[in-house]
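A.B. asks: For the record, the sequence lines run as chains D and H. Going by the working numbering, the first residue of the first sequence is number 1073, and it counts up by one from there. Going by the working numbering, the first residue of the second sequence is number 1073, and it counts up by one from there.
2 protein chains.
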Amino acid sequence: MQTVNKTIQMAFYQFFNGEIVPVAQPLLQTNDLGLLRGFGLFDYFRTYNGIPFRWDDYWNRFANSARLMKLDLPVTQEETSKILADLFALSGEADIAFRFILTGGYAPDSVHVIKPNFIIRAEPLPQDYPAGRLKGIKVLPYEYVRDLPEVKTTNYVHMILMADEMRHQSAADLLFHKDGEVSELTRSNIFLFKGNKLITSDRNILNGITRKVVLELAEPYFETEIRPVLLDEIMNADEIFTTSTTKWVMPVVGIGDHTVGSGLAGKHTLFLQGLFEKLIAGWGS
Amino acid sequence: MQTVNKTIQMAFYQFFNGEIVPVAQPLLQTNDLGLLRGFGLFDYFRTYNGIPFRWDDYWNRFANSARLMKLDLPVTQEETSKILADLFALSGEADIAFRFILTGGYAPDSVHVIKPNFIIRAEPLPQDYPAGRLKGIKVLPYEYVRDLPEVKTTNYVHMILMADEMRHQSAADLLFHKDGEVSELTRSNIFLFKGNKLITSDRNILNGITRKVVLELAEPYFETEIRPVLLDEIMNADEIFTTSTTKWVMPVVGIGDHTVGSGLAGKHTLFLQGLFEKLIAGWGS
Chain D
1073 MQTVNKTIQM
1083 AFYQFFNGEI
1093 VPVAQPLLQT
1103 NDLGLLRGFG
1113 LFDYFRTYNG
1123 IPFRWDDYWN
1133 RFANSARLMK
1143 LDLPVTQEET
1153 SKILADLFAL
1163 SGEADIAFRF
1173 ILTGGYAPDS
1183 VHVIKPNFII
1193 RAEPLPQDYP
1203 AGRLKGIKVL
1213 PYEYVRDLPE
1223 VKTTNYVHMI
1233 LMADEMRHQS
1243 AADLLFHKDG
1253 EVSELTRSNI
1263 FLFKGNKLIT
1273 SDRNILNGIT
1283 RKVVLELAEP
1293 YFETEIRPVL
1303 LDEIMNADEI
1313 FTTSTTKWVM
1323 PVVGIGDHTV
1333 GSGLAGKHTL
1343 FLQGLFEKLI
1353 AGWGS
Chain H
1073 MQTVNKTIQM
1083 AFYQFFNGEI
1093 VPVAQPLLQT
1103 NDLGLLRGFG
1113 LFDYFRTYNG
1123 IPFRWDDYWN
1133 RFANSARLMK
1143 LDLPVTQEET
1153 SKILADLFAL
1163 SGEADIAFRF
1173 ILTGGYAPDS
1183 VHVIKPNFII
1193 RAEPLPQDYP
1203 AGRLKGIKVL
1213 PYEYVRDLPE
1223 VKTTNYVHMI
1233 LMADEMRHQS
1243 AADLLFHKDG
1253 EVSELTRSNI
1263 FLFKGNKLIT
1273 SDRNILNGIT
1283 RKVVLELAEP
1293 YFETEIRPVL
1303 LDEIMNADEI
1313 FTTSTTKWVM
1323 PVVGIGDHTV
1333 GSGLAGKHTL
1343 FLQGLFEKLI
1353 AGWGS
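Written out as structure tokens, the structure reads:
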């Protein structure tokens, strides 16, 4: 039998408990509290030009989620930076996404946290449709407010339950509202323009990093209001868009049967989209 | 090198994708929707005298949860019965518990269900404190109503977040209430006695199998009302108890700082507890 010098192949790997293994490798025992009790949180970000985008912001949000869930982080930001670099190098890709998953860990009694499990997955970038960002998306209004909205928990049950209905209605996402107030989409923040005024919700939302970046970019150009937003205001907005790590600045042109403005991506929205695209094109330089 | 005839040791095993492997074996890939999105449900039951208790009831509840979550079951009840028998035989124990876990399965896009993952874990029985069932427990009132209460989802975030506070206040569980109405404890149903009248909630609850059994046992002895229950009624009840697979018929003697009745387990409660214990003592015979 020949001895082969086994080398790691270019591919997507994950970090878990100090080791780096292929993403498809069975990894978790089935008494993990993330699986048994939905006691988990995550975060998701990507590189542009090979450099993690707004890494400090994503790390701080992740650390804040962990603190609110009373879970200790097993690694520092500096240690994590090194892991990200290793996973990126192993991928052989020009750009990748990273997914952090932090759970309550293995629990013999299926209730009490002993030691969290922390996983970092390297993932291929989601498919990109630049034309879609010019055309915009339709969303469905959905009466719901996320539990613990400021934590990026793993609870997305309603999104997955509604996946078929969204497909059926050619909608790309849900717009959460409750008691006449809107909060966010399933995985992204919402903005509206009324004239030259840019308005976004500050309540019952996850603090999006793309939202923060867009507010910075908009500051020199638009008057901005960050406050609770009514569903009525959304239905009477001139322009609506949503922001996220994967959606960037995405026009929202329909809410159920309601057409937003002219039904086309708004001019202010496309202007901000342009600023964002310029920022990421030059990221790291 | 000697050839050893490897035999499976007496121990706790789990079923997954047609195979039976030790419960401690790393099993799941990290792109399972139960882990990533909290899209999972479970069930939990046990044997008495080696025979699964009310197996048809537990199976039907599990199948109903799966239907409400739009997840296909990969095995029939008959096939599952055989798996339970195998896991039981491998354990070498007189009695064990079974935990079903059904998730949205592996999702390359982290959103859409392709094929559910179904795991059956054999587990040791939880520790039993017969004296505790005579003494009763204290619970903390907690304003919350479970999302999708009729589904036994894996979302128990609040229970785990409150674990330290419960320990601190010497409480064993949370009593969920909202808008003046009580629903259930984190993992068990609630009953109250007012005089000889037995009352239990029918709204925003998981349909407990032990609840069902206790209602059957109580029928010849007590007038029963199954209807929404107010928090005020709970605070003025003569006796309170809670029912579950692990708690059986457990007196509730304190709600936060409020003492229920005399602070001792009520006589009707202990009578029903006796009936339940007689039923399980003779189970299978």
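C-beta atoms are modelled at their ideal positions from N, C-alpha and C, and glycine is treated no differently.
(1) Does any CB atom of chain D fall closer than 8 Å to the CB of asparagine 1268 of chain H?
(2) Any idea what DSSP makes of phenylalanine 1125 of chain H, helix, strand or coil?
(3) How about isoleucine 1173 of chain H: is its C-beta nearer than 8 Å to some C-beta of chain D?
(4) Ignore the nearest five residues each way along the sequence and tell me which others in phenylalanine 1088 of chain D's own chain have a CB closer than 6 Å to its CB.
(5) For the region 1182 to 1199 of chain D, enumerate the residues whose C-beta is nearer than 7 Å to any C-beta of chain H, in chain order.
(6) In the DSSP assignment, find the alpha helix (DSSP H) that holds serine 1273 of chain H and state where it starts and stops.
(7) According to the neighbour-count rule (16 or more other Cβ atoms, all chains shown, within 10 Å of its Cβ), is alanine 1157 of chain H buried or exposed?
(8) Chain H beta carbons: is any one of them nearer than 8 Å to that of valine 1076 of chain D?
(9) Below 8 Å between beta carbons is the criterion; list the residues of the region 1208 to 1225 of chain H that meet it against any residue of chain D, in chain order.
(10) Could you tell me whether the Cβ of asparagine 1136 of chain H comes closer than 8 Å to any Cβ of chain D?
(11) Would you say methionine 1073 of chain D reaches chain H, if we count a Cβ-Cβ gap shorter than 8 Å as a contact?
(12) By the three-class DSSP mapping on this structure, what secondary structure does leucine 1100 of chain D have?
(13) Taking only three categories from DSSP, how would you classify glutamate 1253 of chain H?
(14) Using the three-state DSSP reduction, which class does lysine 1078 of chain D fall into: helix, strand or coil?
(15) Going along chain H in order, which residues have a C-beta closer than 7 Å to the C-beta of glutamine 1086 of chain D?
(16) Are glycine 1106 of chain D and glycine 1204 of chain D touching if we call contact CB-CB under 8 Å?
(17) What would DSSP say about asparagine 1261 of chain D, mapped onto helix, strand or coil?
(18) So which of H:Leu1264, H:Gly1110 and H:Gly1346 has the shortest CA-CA distance to alanine 1179 of chain H?
(19) Find out if the Cβ-Cβ distance for the pair histidine 1184 of chain D, alanine 1096 of chain H is shorter than 8 Å.
(20) Taking the beta carbon of threonine 1282 of chain H as the centre, do at least 16 other beta carbons fall within 10 Å, making it buried, or is it exposed?
(21) Leaving out five residues on either side along the sequence, give the residues of the same chain with a beta carbon under 7 Å from the beta carbon of histidine 1330 of chain D.
(22) Output needed for threonine 1075 of chain D: all residues of its chain with C-beta closer than 8 Å, excluding positions within five of it in sequence on either side, in chain order.
(23) Where does the unbroken beta strand (DSSP E) through glycine 1326 of chain D begin, and where does it stop?
(24) Check whether the region 1294 to 1312 of chain D and the region 1265 to 1283 of chain D touch, using three or more Cβ-Cβ pairs below 8 Å as the test.
(25) Indicate the three-state DSSP secondary structure (helix, strand or coil) for leucine 1174 of chain D in the structure shown.
(26) Mapping DSSP to helix, strand and coil, what is glutamine 1149 of chain H?
(27) How about the region 1140 to 1160 of chain D and the region 1253 to 1263 of chain H: do they share at least three Cβ pairs that are nearer than 8 Å?
(28) What span of residues does the beta strand (DSSP E) with threonine 1341 of chain D cover, start to end?
(29) Taking buried to mean at least 16 other C-beta atoms within 10 Å of its own C-beta, is glycine 1112 of chain H buried or exposed?
(30) Can you check whether the CB of aspartate 1304 of chain H is closer than 8 Å to the CB of glycine 1267 of chain H?
(31) When you compare the CB of leucine 1099 of chain D with every CB in chain H, is at least one pair closer than 8 Å?
(32) Which of the three DSSP states, helix, strand or coil, is assigned to leucine 1162 of chain H?
(33) Flag this pair as touching only if the region 1226 to 1235 of chain H and the region 1220 to 1237 of chain D have three or more C-beta atom pairs under 8 Å; answer yes or no.
(34) Can you tell which of D:Phe1134, D:Val1223, D:Glu1151 and D:Gln1086 has its C-alpha closest to the C-alpha of isoleucine 1159 of chain D?
(35) Identify the contact partners of asparagine 1089 of chain H in chain D, using a Cβ-Cβ distance below 7 Å as the criterion.
(36) Where does tyrosine 1085 of chain H fall in DSSP's three states?
C.D. replies: This is what the structure gives:
(1) no
(2) coil
(3) yes
(4) Leu1099 and Ile1191
(5) Val1183, His1184, Val1185, Ile1191 and Arg1193
(6) Where serine 1273 of chain H is concerned, there is no enclosing alpha helix (DSSP H), given that its DSSP letter is neither H nor E.
(7) exposed
(8) Confidence in valine 1076 of chain D is poor, its pLDDT being 39 and thus under 50, which makes the residue's placement unreliable; the coordinate value appears in the next sentence. No, no contact with chain H.
(9) Asp1219, Leu1220 and Thr1225
(10) no
(11) Low per-residue confidence applies at methionine 1073 of chain D: pLDDT is 36, beneath 50, and the placement is therefore not dependable, though the value from the model is reported in the following sentence. No, methionine 1073 of chain D lies away from the interface with chain H (no Cβ there is under 8 Å from its Cβ).
(12) strand
(13) strand
(14) Interpretation of lysine 1078 of chain D is limited by its pLDDT of 47, a score under 50 that renders its predicted location unreliable; the figure taken from the coordinates is listed afterwards. Looking at lysine 1078 of chain D - three-state DSSP - the assignment turns out to be coil, as it is neither helix nor strand.
(15) Thr1102
(16) no
(17) strand
(18) H:Gly1110
(19) no
(20) buried
(21) Met1307
(22) Reliability fails at threonine 1075 of chain D, whose pLDDT of 38 lies under 50, so the model's placement of it is uncertain and the value that follows must be treated cautiously. Excluding sequence neighbours, threonine 1075 of chain D sits near nothing in its chain.
(23) 1320 to 1327
(24) yes
(25) strand
(26) helix
(27) no
(28) Run containing threonine 1341 of chain D: none in the beta strand (DSSP E); it sits in the alpha helix (DSSP H), 1339 to 1353.
(29) buried
(30) no
(31) yes
(32) helix
(33) yes
(34) According to the sequence displayed, residue 1159 of chain D carries leucine and not isoleucine. Closest option to leucine 1159 of chain D, Cα to Cα, is D:Gln1086.
(35) What asparagine 1089 of chain H touches in chain D: nothing, since even the nearest Cβ is about 10 Å away.
(36) strand
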